[in-house]
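Everything on this sheet refers to the single structure shown next.
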Amino acid sequence: QVQLVESGGGLVQAGGSLRLSCAASGSIFSFNRMGWYRQAPGKQRELVATIPSRGRTNYADSVKGRFTISRDNTKNTVYLQMNSLKPEDTAVYYCNALKDGNIDYWGQGTQVTVSS
């Protein structure tokens with residue numbers, strides 16, 4: 357069973373930075389793609405950024421230029437560096453892994469709160 361464990365969330369002032377980590381229980385080489393999604397209160401879960409096993413990263417327009425997704429294959433970990441945070445970035449952030457093209461795995465989520 358695949359397990360994804362997020363960490364790094366917290367409370368930060370607007371303009372600050374946080375780095376989220378997602379540690380996978382197995383090799384992330386086995387996943388077609390990994391990514392970060394977020395869900396704010398009363399809103400649907402939305403894509404933040406994805407990083408495939410090969411190819412280009414992808415970002416939501418709202419975070420382009422501020423967030424960076426990266427991966428460390430030796431540590432089976434994916435990161436989300438978040439800079440210039442805004443109050444509208446407040447949400448629960450979820451790590452996602454896609455396997456075999458159609459099987460999604462999710463972490464438990466980590467809360468990010470940005471105060472104004």
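Residue numbers (our numbering): 357 to 472.
Note that CB positions come from ideal geometry on N, CA and C, so glycine has one too.
Exercise for the section: Determine the direct distance from the alpha carbon of residue 463 to that of residue 369, and round the result to whole angstroms. Expected result: Going by the C-alpha atoms only, they are around 25 Å apart.
Problem - Neighbourhood of residue 401 by C-beta distance below 6 Å, restricted to the same chain and skipping five residues each side - result: 393, 395
Practice task
Return the chain-ordered ranges of every beta strand (DSSP E) run that is complete within the region 382-417 and spans a minimum of 3 residues.
Solution key: 387-395, 402-408
Exercise for the section: Within 10 angstroms of the Cβ of residue 456, are there 16 or more other Cβ atoms? Answer buried if so, exposed if not. Expected result: exposed
Practice task
Output the distance between the C-alpha atoms of residue 449 and residue 382, rounded to the nearest integer angstrom.
Solution key: 21 Å
Handout entry: Other residues of its chain near residue 433: CB distance less than 8 Å, five sequence neighbours each side excluded
Key = 377, 378, 379, 380, 384, 427
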